[in-house]
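Peer 1: For reference, each letter of the sequence shown is one residue, going 7 to 369 in the numbering used here. To start, I am sharing the structure in question, which I have written as structure tokens.
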Amino acid sequence: TLAASRTLTLPANHRRLAIRNATNGGQEVRARFAGSGAEVVIVPGATVLVQGNGGDLYGVGGGAGALGDLSDVSIAGAANGDVLLFDGAAWGATGVGIFNRALLPFRGALLRRSTNFSVATTGVYVAVPWQSAEYDSDAFWDAGQPSRLTIPAGVTKVRIVGNIEWQTSPTSQLVEVRKNGNSVLGGGSFIVRGDSGYSNQMRNLSSAVLPVSAGDWFELAVYVGTAGELRGLERTWLAIEVVETADAADPPADISGYKAGQPAADEVIARVPVARRTRLKIDLAGSHASAESAATASADFDIRVDGVSSATMRFAAAATSATFIAASETVLEPGQVLSVVAPSTPDATLAGIGFTLAGTLVL
7 TLAASRTLTL PANHRRLAIR NATNGGQEVR ARFAGSGAEV VIVPGATVLV
57 QGNGGDLYGV GGGAGALGDL SDVSIAGAAN GDVLLFDGAA WGATGVGIFN
107 RALLPFRGAL LRRSTNFSVA TTGVYVAVPW QSAEYDSDAF WDAGQPSRLT
157 IPAGVTKVRI VGNIEWQTSP TSQLVEVRKN GNSVLGGGSF IVRGDSGYSN
207 QMRNLSSAVL PVSAGDWFEL AVYVGTAGEL RGLERTWLAI EVVETADAAD
257 PPADISGYKA GQPAADEVIA RVPVARRTRL KIDLAGSHAS AESAATASAD
307 FDIRVDGVSS ATMRFAAAAT SATFIAASET VLEPGQVLSV VAPSTPDATL
357 AGIGFTLAGT LVL
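If you want it as structure tokens, here you go:
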């Protein structure tokens, strides 16, 4: 039974061994080499595998009370789920990082045909027109242009996958994913010359991940040497998958507020403590504000960070919507307070003000 902790000094040539603290009394045993090197604490009842270099000793397995080569650190502002980063001087929270992207909803579309499609024209590319969407998250498909998948704003990279089945196969054929009416690097293609055997052959192809801009469009096109007929139903389809968006690295973190009635002079109509690092773009791009009753004259609301003016929300005379003015981008840190303050001279009619400031998480 130990009444106090005990230090066990090991010979310098004992580099790897197991030490068990089987004592009573609730006291720890400290193992070390002679000198001032790192030591290992073995708590009562624990067996610890230790390893050293003759100067420093480290616990590498078992029930050590502490790891001799690590130090406790304090990190301010960290929230549940944050990724921690060491910048060479100190540890800090960097937000949810890549783990947040695993939670982003799927975006894409799957198109199909319900009837057969005759490909009678030979020697040219013929785009397959689609008849319905099994799913379509972002209106990629429009029945008015039935062969196309069109890219909406904000999407920056996609993957295209397609499948066809011939009811009657042409002897020579080329199947290709085409972008804006042309072949594209990484688009994916399947070519067959002098085919024979089963008439109802299937072809499947996939593109690489392709960079895109809003308004780009994709088609699945066939080029045949003799006429053929594509089968409808479940084996002829075209799909698009969104791989990257413009805000993929910075998920949205919008800030909203509402003031019922007319604001008083210098009234704080919103006061929002910030929980996560949030970026507001120049001129608060993407932000919106609306009033139930229009302003009589121009009215400027001051947007402040910790009491310091940062941006302006302006209702022009006779307007029910506002514009935003901010000379530079602002990054809000956890613990800072964003407030919206009414003009010193209240407008005679402006009332019922709602707003959403478009922000993004800084990861």
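Note that beta-carbon positions come from the ideal geometry of N, C-alpha and C, so glycine has one too.
Spatial neighbours of S120 within its chain, please: CB distance less than 6 Å, with the 5 preceding and 5 following residues excluded, ordered by chain position.
Peer 2: Same-chain partners within the cutoff: Q137 and G238.
Peer 1: Does the pairing of the region 207 to 215 with the region 256 to 273 give three or more beta-carbon distances under 8 Å?
Peer 2: At 8 Å Cβ cutoff, the stretches do not touch.
Peer 1: With distances taken between CB atoms, is the gap from T336 to S316 smaller than 8 Å?
Peer 2: The answer is yes: Cβ separation under 8 Å.
Peer 1: Out of P50, F39 and A95, which one is the CA nearest neighbour of R26?
Peer 2: It is P50 whose Cα lies nearest to the Cα of R26.
Peer 1: Considering only the beta carbon of each residue, do S345 and R320 sit closer than 8 Å?
Peer 2: Taking 8 Å as the Cβ cut-off, S345 and R320 do not qualify as a contacting pair.
Peer 1: Flag this pair as touching only if the region 145 to 152 and the region 182 to 189 have three or more C-beta atom pairs under 8 Å; answer yes or no.
Peer 2: Cβ pair count under 8 Å is below three, so no.
Peer 1: Just the C-alpha distance for E235 and E247, rounded to the nearest angstrom, thanks.
Peer 2: Cα-Cα distance, rounded: 27 Å.
Peer 1: Start and end of the beta strand (DSSP E) containing V311?
Peer 2: Run containing V311: A305 to V311, per the beta strand (DSSP E) assignment.
Peer 1: Starting from F224, follow the beta strand (DSSP E) in both directions and report where the run begins and ends.
Peer 2: Note, F224: beta strand (DSSP E), W223 to V230.
Peer 1: Given this structure, state the Cα-to-Cα distance separating R199 from T232, to the nearest angstrom.
Peer 2: The predicted position of R199 is uncertain, since its pLDDT is 48 and thus under 50; no value can be drawn from it.
Peer 1: Assuming T29 and T7 make a contact with CB atoms under 8 Å, what is their CB distance in whole Å?
Peer 2: So it is a contact: roughly 7 Å between Cβ atoms.
Peer 1: Just mark S141 as buried or exposed, buried being the case when its beta carbon has 16 or more other beta carbons within 10 Å.
Peer 2: The amino acid at residue 141 is misidentified as Ser; the sequence shows Tyr. Under this definition Y141 is an exposed residue.
Peer 1: Which of the three DSSP states is assigned to A108 in this structure?
Peer 2: Confidence at A108 is low in this model, with a pLDDT of 47, below 50, so the placement of that residue is unreliable and no value is reported for it.
Peer 1: Would you grab the beta carbon distance between P349 and F307 for me? Rounded to a whole angstrom, and I think it's under 8 Å.
Peer 2: So it is a contact: roughly 7 Å between Cβ atoms.
Peer 1: Leaving aside the five residues before and after P352 along the sequence, list all residues of the same chain whose C-beta is less than 7 Å from its C-beta, in chain order.
Peer 2: Only Q268, P269, A270 and A271 meet the Cβ criterion.
Peer 1: Near L244, which residues of its chain fall below 6 Å by C-beta distance, leaving aside the five closest residues on each side in sequence?
Peer 2: Cβ within range, chain order: L117, G168 and L226.
Peer 1: Please list the segments of the alpha helix (DSSP H) lying wholly inside the region 237 to 323, counting only runs of 4 or more residues, in order along the chain.
Peer 2: As far as the region 237 to 323 is concerned, it has no whole alpha helix (DSSP H) run of at least 4 residues.
Peer 1: Check N19 in the structure and name its three-state DSSP category.
Peer 2: N19: coil per DSSP, three-state reduction.
Peer 1: Once the 5 residues before and after P152 are set aside, which same chain residues still bring their CB inside 6 Å of it?
Peer 2: Taken in chain order, the residues that qualify are P135 and W136.
Peer 1: Is E240 buried or exposed, if buried means 16 or more other CB atoms sit within 10 Å of its CB?
Peer 2: E240 comes out exposed.
Peer 1: Taking the C-alpha atoms as reference points, what is the distance between I218 and S189?
Peer 2: Just to set this straight, residue 218 is Val in the shown sequence, not Ile. The straight-line gap from Cα to Cα measures roughly 14 Å.
Peer 1: Go through its chain and collect everything with a Cβ distance to R36's Cβ below 8 Å, but skip five positions before and after it.
Peer 2: Taken in chain order, the residues that qualify are S11, R12, T13, L14, E45, V46, V47 and I48.
Peer 1: Taking the Cβ atom as the reference point for each residue, do A2 and A281 lie within a distance shorter than 8 Å?
Peer 2: Residue 2 lies beyond the range of the chain shown here (7 to 369); nothing can be said about it.
Peer 1: Closest to T302 by CA distance: which of S334, S327, G313 and H294 is it?
Peer 2: Selected option, being the one with the closest Cα: S327.
Peer 1: Assuming T128 contacts V230 under a Cβ cut-off of 8 Å, what Cβ separation, rounded to an integer in Å, is found between them?
Peer 2: Yes, T128 and V230 are in contact; Cβ-Cβ is about 5 Å, under 8 Å.
Peer 1: Give me the DSSP bridge partner(s) of S124.
Peer 2: DSSP, once it has assigned bridges, lists E235 as partnering S124.
Peer 1: Give every residue of the same chain whose Cβ lies closer than 7 Å to the Cβ of E114, excluding the five residues on either side of it in the sequence, and list them in chain order.
Peer 2: Note that residue 114 corresponds to Gly in the displayed sequence, not to Glu. Once the five neighbours on either side are set aside, the close Cβ partners of G114 are S143, A245, I246, E247 and V248.
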